Structure formats: structure tokens, C-alpha cells
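In UniProt numbering, the protein residues as written are 1 to 120.
Quick reminder that beta carbons are idealized off the backbone N, C-alpha and C, glycines included.
The structure displayed is predicted, hence computed values, not measured ones.
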């Protein structure tokens with residue numbers, strides 16, 4: 001799960017939507033999911049409070065939230081990837097997956113492409 005806060009504090013069944021607090025009692029997120037017990041006991045995920053603020057502001061102003069997405073699975077370039085591909089820089093991301101009917105697919109992006117920049 002990308003862009004989520006992973007934590008291991010105890011959360012009772014049915015408490016999705018409750019706040020995630022830091023050690024100072026500040027709200028830093030909202031609990032949304034847990035890993036099934038047979039896959040990892042006590043592992044939970046939360047959406048950050050910063051993301052919630054953006055979504056909430058959009059919902060109030062527009063009645064909806066348009067979540068931008070490209071439709072790719074990516075990985076940071078490692079020194080080994082740079083050496084194997086004889087690249088001159090470690091700046092960029094390696095495309096590992098293209099989602100069907102995504103903007104990336106429509107744009108012709110392919111698995112193993114290396115994206116160095118967007119719009120520039």
C-alpha cells in the first residue's frame with residue numbers, strides 16, 4: 001500500500017476511521033486498514049492527516065476529489081540498474097508495471113522504461 005503510514009499499535013476490530021495519534025497526542029492520520037492476522041499480526045495502515053486535509057477541502061469546495069494517477073508501478077534506480085543499463089545518472093524511476101486502460105498505457109509508456117522527468 002503506497003503513501004500510507006504503517007504502524008503496529010493495537011486497534012480493535014471495527015475501529016477503521018479512528019484517528020492515529022503521535023506520542024504528543026496530535027492527530028497524524030486516520031486508520032483505514034489492517035493486514036490479515038495470517039499475513040502479519042498487528043500491522044495497520046493510516047492515511048496521513050495532510051492528505052485528509054487536501055481531500056476534505058476539495059470535498060467541501062467541489063463535492064468531489066479528483067485523485068491524479070498515472071497508472072504505473074515504479075522503483076527508484078539503484079546503482080546496479082544504472083550500471084546494467086549503462087546510464088549516466090541515477091536520477092529517474094524504472095517502470096515495473098503498467099495498469100490496463102491507464103494514462104500511462106495510453107501515452108505509450110512501457111515496462112522497463114526509465115522516466116527522467118515529467119513535462120520537461
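Start-to-end residues for the alpha helix (DSSP H) that takes in residue i
i, result
"residue 33", "That residue, residue 33, is in no alpha helix (DSSP H); its beta strand (DSSP E) goes 27-34."
Backbone CA spacing between residue i and residue j [nearest angstrom]
i, j, result
"residue 72", "residue 104", "7 Å"
"residue 114", "residue 69", "18 Å"
"residue 117", "residue 78", "17 Å"
"residue 24", "residue 75", "34 Å"
"residue 35", "residue 13", "12 Å"
"residue 82", "residue 88", "7 Å"
"residue 95", "residue 112", "5 Å"
"residue 107", "residue 66", "20 Å"
"residue 52", "residue 22", "16 Å"
"residue 3", "residue 100", "21 Å"
"residue 119", "residue 63", "29 Å"
Residue i and residue j closer than 8 Å at C-beta
i, j, result
"residue 8", "residue 43", "yes"
"residue 46", "residue 5", "yes"
"residue 27", "residue 19", "yes"
"residue 93", "residue 110", "no"
"residue 48", "residue 29", "yes"
"residue 31", "residue 50", "no"
Range covered by the beta strand (DSSP E) that runs through residue i
i, result
"residue 46", "44-48"
"residue 7", "5-7"
DSSP beta-bridge partners of residue i
i, result
"residue 52", "Answer is none; residue 52 lacks a bridge partner."
So within the UniProt domain "PDZ" (54-120), which uninterrupted alpha helix (DSSP H) runs reach at least 4 residues, ignoring any that extend past its ends? 79-84 and 103-107
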